[in-house]
Structure formats: C-alpha cells, structure tokens
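Novice: I have a structure here, written as structure tokens, and I will follow up with some questions on it.
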Amino acid sequence: MNNNLMVLPATDPKNIRLVRIPSDFEEHEAYRYVTGLIAKAEQSSDYDWDDISDLLEEKDFEIVEFTLGPLLD
313 MNNNLMVLPA TDPKNIRLVR IPSDFEEHEA YRYVTGLIAK AEQSSDYDWD DISDLLEEKD
373 FEIVEFTLGP LLD
C-alpha cells in the first residue's frame, strides 16, 4: 500500500481533505491531476465535494478520514 498522502487545503478548516495517492502516480503527476480536476469542477457552478471525490476514486485515489487538531485560539 502506498503511504503518499496529499492534503487538499480549504479556507474553511472543516473542508480540508486528505487523500492517499495511488502507487502508479508520482507526486508531481498526482498534484497536476488533482489540481486540474478541481479546476475543471470549479468551472461548473453546481459542483460539490462528492463530485470531486467520485472522480478521484475513479483513478484509485483514496479519501482518508482524519481528525484536525484543536484550534489554538
């Protein structure tokens, strides 16, 4: 199993996502693929995370559950 992970940042912390990169992708290829996919989805006014995650999972990216640490306020 590949242990390369990619953080998909967001302005709202609850929208941050973590995905496992498939072993047949190099890091730079995965970055280009994911950013291109998100840019394409953003061109549509009615996209949501489920649309993006479905496309990622079709290419064997795995959505990883994680817990974001507490706020430091």
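Counting in this note's numbering, the sequence shown runs from 313 upward without gaps. For every residue, glycine included, the Cβ atom is placed at its ideal position computed from N, Cα and C.
1) Does the Cβ of Leu368 have 16 or more other Cβ atoms within 10 Å, making it buried, or fewer, making it exposed?
2) Hey, how far is the Cα of Glu374 from the Cα of Glu338?
3) Compare the C-beta of Asp372 with all C-beta atoms of chain D and state if any pair is closer than 7 Å.
4) Taking Lys371 as the reference, give the member of Ser356, Glu341, Asn327 with the closest Cα.
5) Report the three-state DSSP secondary structure of Leu367 (helix, strand or coil).
Specialist: So, from the data block:
1) Looking at its Cβ environment, which holds 16 or more other Cβ atoms inside 10 Å, Leu368 is buried.
2) Rounded to whole angstroms, Glu374 to Glu338 spans 15 Å at the Cα level.
3) Protein chains in the displayed structure number just one, and chain D is not present.
4) Comparing Cα-Cα distances from Lys371 to each of Ser356, Glu341, Asn327, the minimum goes to Glu341.
5) It is helical.
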